[in-house]
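Reading through the structure tokens given below for one structure.
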Amino acid sequence: MKEPSRRNSNIVSNIAISAIFVCWTLVILPLTLCIAALHTVFPGVMCAVNRRYIWLYGRSTLFFLQPWLPVRIRNAHMAVEYPGAVVVCNHQSFLDIYLLAAQDQANVCLITKSWPFRLLFFFAPTMRSAEYIDAESLSAEQVEALCLERLRDGVTLVIFPEGSRTRTGALGKFRAGAFHVAVKAGRPVLPLLVHNSFQVFPPGAKGFHPATIHMEFLDPVWPQAFAGELLPHRAMMRHVRNLYVKHLTCATGE
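By the count of my numbering, the sequence shown reaches residue 289 at its end, each step adding exactly one.
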């Protein structure tokens, strides 16, 4: 009897989770388009407004999902304490974009591939108005220049250093771009760890597996600590990845 009951409960949970994503997005869609349109009239002001709006959309979505996908985060205020930092985050599922709203810094700029602009087409105008960076559509030099410009403006960058979602749940190889930008700008890297979003919704899954998602900010990693290295950004990258390996392994062991 337990197995059919568990299966029925999982079906109900998946219907509820899917309904929240779809219905809440449809509810706010008119406001989303209006805010994006205002950017053409007030571009200087609306960039920050759009970033906060996207953060509020993510935060409210996580609120509605709490009964099935509760999120527990440690040191949520870290990026507020270090504005204009480079947040790096491991990438376990598409949910990670929403999970970024669990932390308290709203003035964030996401550096991403092109797929969110395509698949989240209803949100693409707002993402562009928020000056999110489509790294696949630009050269490496253009991406770097835009990142440095955002940091000079006090905007917090968010980068997934693995480049794409894990297919197995294991931590992938890091790319050096985020650390190169941090070294050039002299700004700290803030490692943000996500535990369990892969188990909740792995790539290719046909449904969600309700569970608690845990997140935590580690202490800031400053580029000045690697100034004596031959390639400071790569030394910084290896150090941060080792921190991820250590903490994710400890979490798995628990």
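All C-beta atoms, glycine included, are put in the ideal place defined by N, C-alpha and C. In this text the structure is predicted, and so the values were computed from the model without any measurement.
- Task: Look at the Cβ atom of F214, then the Cβ atom of H268, and state whether they are nearer than 7 Å.
- Result: yes
- Query: Do V190 and V121 have their CB atoms nearer than 7 Å?
  - Reply: no
- Message: Quick check: the Cα distance between E197 and F77, rounded to an integer number of angstroms?
- Response: 35 Å
- Query: Using CA coordinates, which residue listed in A217, D188, P245, I132 is at the minimum distance from P102?
  - Reply: P245
- Using 10 angstroms around the beta-carbon of V280, count the other beta-carbons present and answer buried if the total reaches 16, otherwise exposed. exposed
- Task: Name, in chain order, the residues that DSSP records as bridge partners for D188.
- Result: BP columns for D188 are empty, so no partner.
- Item | Reference G119; option with closest CA among R185, V47, N277, I52 | R185
- Comparing alpha-carbon positions, which option in N125, R200, V106, W90 lies nearest H282? N125
- Three-state secondary structure assigned by DSSP to T161: helix
- Message: For R109, report the span of its beta strand (DSSP E) as first-last.
- Response: 106-109
- Is there at least one Cβ from chain D nearer than 7 Å to H112's Cβ? Here chain D cannot be found, since the structure has a single protein chain.
- Helix, strand or coil: which one does DSSP assign to L206? coil
- Take P160 and list the residues in its own chain whose beta-carbon comes closer than 6 Å to its own, dropping the five residues that flank it on each side. A71
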